[in-house]
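Sequential numbering from 1 applies to the sequence shown in full-length UniProt numbering.
Just so it is clear, CB atoms sit at the ideal spot from N, CA and C, and this is done for glycine as well.
Input: a single structure, listed below in structure tokens.
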Amino acid sequence: MVNKEMLISSDRHETRLAILEDSKLMEIYVQPVERKTVVGNIYVGTVQDILPGIEAAFVDIGLQKNGFLYRDEAATIEDEATPPKIEHILKRKQDILIQILKDPLGTKGARVTTHIAIPGRYLVILPYDKETFGVSRRLPDKERERIKKTAEALKSKNFGLIVRTAAENVSADELRKDLAQLKKIWAGLSRKIRKAKPVSLIYEEPGLEVKAVRDWFNEDFSKLIIDNKKKYNKVASFLKKNSPKLLRKATFYNKSFPLFEKYDINKAIKKSLKRRAWLKSGGYIAIDHTEALTAIDVNTGKFIGKKSLRQTVLKTNLEAAKEVVRQIRLRDIGGIIVIDFIDMIDLKDREKVFKLFNDELAADRTKSRVIEISKIGLVEMTRKSTTENLIKAMGQSCPDCYGTGIVVSEKTKLIAVERAMRKEALTRPSKAFLFKAHPSIVASHRNEITGNLKKDTGKAVYMIADSAVEPDLPIMKSEGSRRKIEEELERLENELKI
């Protein structure tokens with residue numbers, strides 16, 4: 001059985017959530033303080049423009065860019081078979097209630113829907129889609145049948161109902177409590193909607209830590225570790241109210257050594273920003289992003305095998321099938337994905353690789369659709385993604401190749417430098433420290449970093465520029481008393497002037 005762990009680390013820059021399976025990083029989510037997700041939020045908006053040519057509308061919801069509403073997301077469930085034209089559903093300047101499906105990204109506004117869904121721990125209610133009733137297909141067949149019978153007794157003519165995967169092995173009483181809580185939330189929102197003026201926020205989803213615990217954390221996880229006291233208290237309060245049995249698995253990490261360093265997560269994140277991911281055998285997969293799709297290429301690399309070419313190719317492809325799924329989950333790659341496995345002549349070999357690929361993909365919570373492997377080893381798939389992926393959260397387009405490549409963003413480098421220096425200051429007894437850092441960091445961010453570290457550690461931290469140092473990896477030059485470090489810094493700065 002897979003040992004699953006959830007780790008949440010938060011500082012002044014961002015909140016990061018990692019999911020480990022057998023100590024291996026499988027998923028990472030980053031929520032920068034300045035770029036909070038709006039997925040799940042509910043707004044009263046105003047239709048700004050209707051575009052009959054693409055059956056869509058733009059809706060003002062108070063964000064920087066208007067929300068984008070497709071016809072299918074504006075039509076009622078009853079109209080699904082033959083939905084009316086967008087201009088017959090909406091009018092310009094009409095006020096409507098919408099929910100965010102996908103965050104704004106680049107030049108695109110948020111994707112929105114009129115099909116409002118209020119999620120709870122085990123259930124989701126749909127106030128305007130009253131005929132909807134469903135049970136998660138990710139539940140085992142027997143459990144799905146049991147839950148379905150239990151949930152049918154909870155159905156109401158006032159709302160649609162969906163049972164979530166988290167409801168596995170949950171009692172009827174717990175489902176009733178969750179439903180009562182959701183009805184209470186909706187009653188409060190209904191009052192707010194009646195009084196609301198356009199354009200206004202009606203409902204805001206909780207932060208990453210509570211949302212992830214609500215949606216994902218269950219008995220399958222062995223532990224939940226959080227290094228921020230405020231966020232731990234929020235999560236503990238949520239679990240105590242909604243899943244008291246799981247509270248024993250949650251712990252607050254208050255050691256000076258950073259949580260993500262302890263589990264080697266920072267190293268794994270750094271690797272996941274690279275184009276190549278190496279396989280144990282010596283082969284590798286190369287991941288390239290374009291505007292239209294993501295291409296993943298499998299190569300034997302250094303692996304030459306021991307028996308036959310067929311066995312070498314099969315072993316590489318089987319190993320790659322697992323790693324490709326891991327990288328898709330880890331990087332949260334969405335849209336069209338094309339995987340180019342090494343050519344396999346034998347049909348049985350192709351079937352083995354395709355079966356393993358699908359088996360691994362079954363652990364992915366994000367919806368995807370996979371097309372059968374072709375004779376030349378191509379697998380085409382689509383994967384839904386609602387938030388900013390790892391590359392977009394931590395990278396930026398490379399200016400030297402006109403946006404065709406990705407490099408680590410300046411913000412990510414700054415955060416990495418501050419974290420590395422904080423780790424040294426917290427884990428060593430000295431009162432003052434002198435670090436060598438890249439000139440670009442020292443010139444632009446010295447006061448910000450040293451000020452933050454003084455607040456966080458109560459110690460004096462100084463920086464000096466050194467072009468030989470990597471931009472995201474400062475080097476500690478010396479430590480000691482404040483007087484000693486200040487004298488050394490003055491001497492070094494005088495030498496530089498000479």
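- Task: Any chance you could list the beta strand (DSSP E) runs of at least 3 consecutive residues sitting entirely within the stretch 197-260, in chain order?
- Result: 200-203, 221-226, 250-252
- Message: Please tell me whether Gly40 and Ile100 are closer than 8 Å, where the distance is taken between their beta carbons.
- Response: yes
- Message: Quick check: what's the CA-CA separation for Ala56 versus Lys108?
- Response: 14 Å
- Item | Glu21 versus Thr46: straight-line alpha-carbon distance, rounded | 45 Å
- Item | Cβ-based burial, Ala468 [other Cβ within 10 Å; buried from 16] | exposed
- Task: Evaluate the contact criterion for the stretch 123-132 versus the stretch 62-70: three or more CB pairs, one atom per stretch, below 8 Å.
- Result: no
- Task: Quick one: residues in its chain with C-beta nearer than 8 Å to the C-beta of Gly480, no 5 flanking neighbours on either side, listed in chain order?
- Result: Ser430, Lys431, Ala432
- Task: Put Thr404 into one of helix, strand or coil per three-state DSSP.
- Result: Below a pLDDT of 50, predicted positions are generally treated as unreliable, and Thr404, at 46, falls in that range; the measurement from the model is reported next regardless. If DSSP states are grouped into helix, strand and coil, Thr404 belongs with coil.
- Query: When DSSP labels each residue in this structure, what does Thr358 get in the three-state scheme?
  - Reply: Looking at the sequence provided, one finds Asn at residue 358 rather than Thr. Helix.
- Task: Specify whether the stretch 26-37 and the stretch 166-174 touch according to this definition: at least 3 beta carbon pairs, one from each stretch, less than 8 Å apart.
- Result: no
- Member of Gln64, Met6, Val59, Ala292 whose CA lies at the smallest distance from the CA of Lys249: Met6
- Rounded Cβ spacing between Asp456 and Lys413 (contact assumed at less than 8 Å): Contact doesn't hold; Cβ gap of about 19 Å is too wide.
- Item | Close Cβ partners of Ser10 (< 6 Å) along its chain, the five nearest in sequence each way excluded | Asn228, Lys231
- Message: Count Cβ pairs between the stretch 108-124 and the stretch 88-98 that sit closer than 8 Å; are there 3 or more?
- Response: yes
- Message: Can you look up His289 in the DSSP assignment and give me helix, strand or coil?
- Response: strand
- Task: Would you mind reading off the limits of the beta strand (DSSP E) that contains Met421?
- Result: Counting along the chain, Met421 falls outside any beta strand (DSSP E), though it belongs to the alpha helix (DSSP H) covering 410-427.
- Message: Between the alpha carbons of Ile61 and Leu17, how many angstroms are there, rounded?
- Response: 28 Å
- Query: Around the C-beta of Asp349, are 16 or more other C-beta atoms found within 10 angstroms, so that it is buried, or is it exposed?
  - Reply: buried
- Roughly how many angstroms lie between the CA atoms of Val38 and Thr76, to the nearest whole one? 23 Å
- Three-state secondary structure (DSSP) at Ala320? helix
- Message: Among Arg482, Val33, Val210, Val461, whose alpha-carbon lies nearest the alpha-carbon of Ile475?
- Response: Val461
- Query: Taking the continuous alpha helix (DSSP H) assigned at Lys108, which residues delimit it?
  - Reply: Per DSSP, Lys108 belongs to no alpha helix (DSSP H) and is neither H nor E.
- Please work out which residues of its chain come closer than 8 Å, Cβ to Cβ, to Ala172, disregarding the five sequence neighbours upstream and downstream, and give them in chain order. Thr150, Ala153
- Round the Cβ separation of Val298 and Phe341 to the nearest angstrom and send it over; I've been treating them as touching at under 8 Å. 5 Å
- Item | Between the CA atoms of Gln48 and Ala74 - distance to the nearest angstrom | 14 Å
- Going by DSSP, which residues form a beta bridge with Gln99? Ile42, Thr113
- Query: Taking all protein chains shown into account, do 16 or more other C-beta atoms lie within 10 angstroms of the C-beta of Gln31, making it buried, or fewer, making it exposed?
  - Reply: buried
- Task: Run the CB neighbour count on Phe217, radius 10 Å, all protein chains shown included, and call it buried at 16 or more, exposed below.
- Result: buried
- Message: Quick check on Tyr402: buried or exposed, where buried means 16 or more other Cβ atoms within 10 Å of its Cβ?
- Response: Only weak support exists for where Tyr402 lies, its pLDDT of 45 falling under 50; the value from the coordinates is given anyway. So Tyr402 counts as exposed.
- Message: Below 8 Å on the Cβ atoms is my contact criterion, and I expect Ala277 with Glu323 to pass it. Report the Cβ-Cβ distance as a whole number of Å.
- Response: 6 Å
- Task: Provide the residue(s) that pair with Thr382 in DSSP beta bridges, ordered along the chain.
- Result: Ile336, Arg369
- Query: Which whole-angstrom value is the C-beta distance of Leu361 and Gly335, which I expect to be below 8 Å?
  - Reply: Actually they are not in contact, since the Cβ atoms of Leu361 and Gly335 sit about 16 Å apart, beyond 8 Å.
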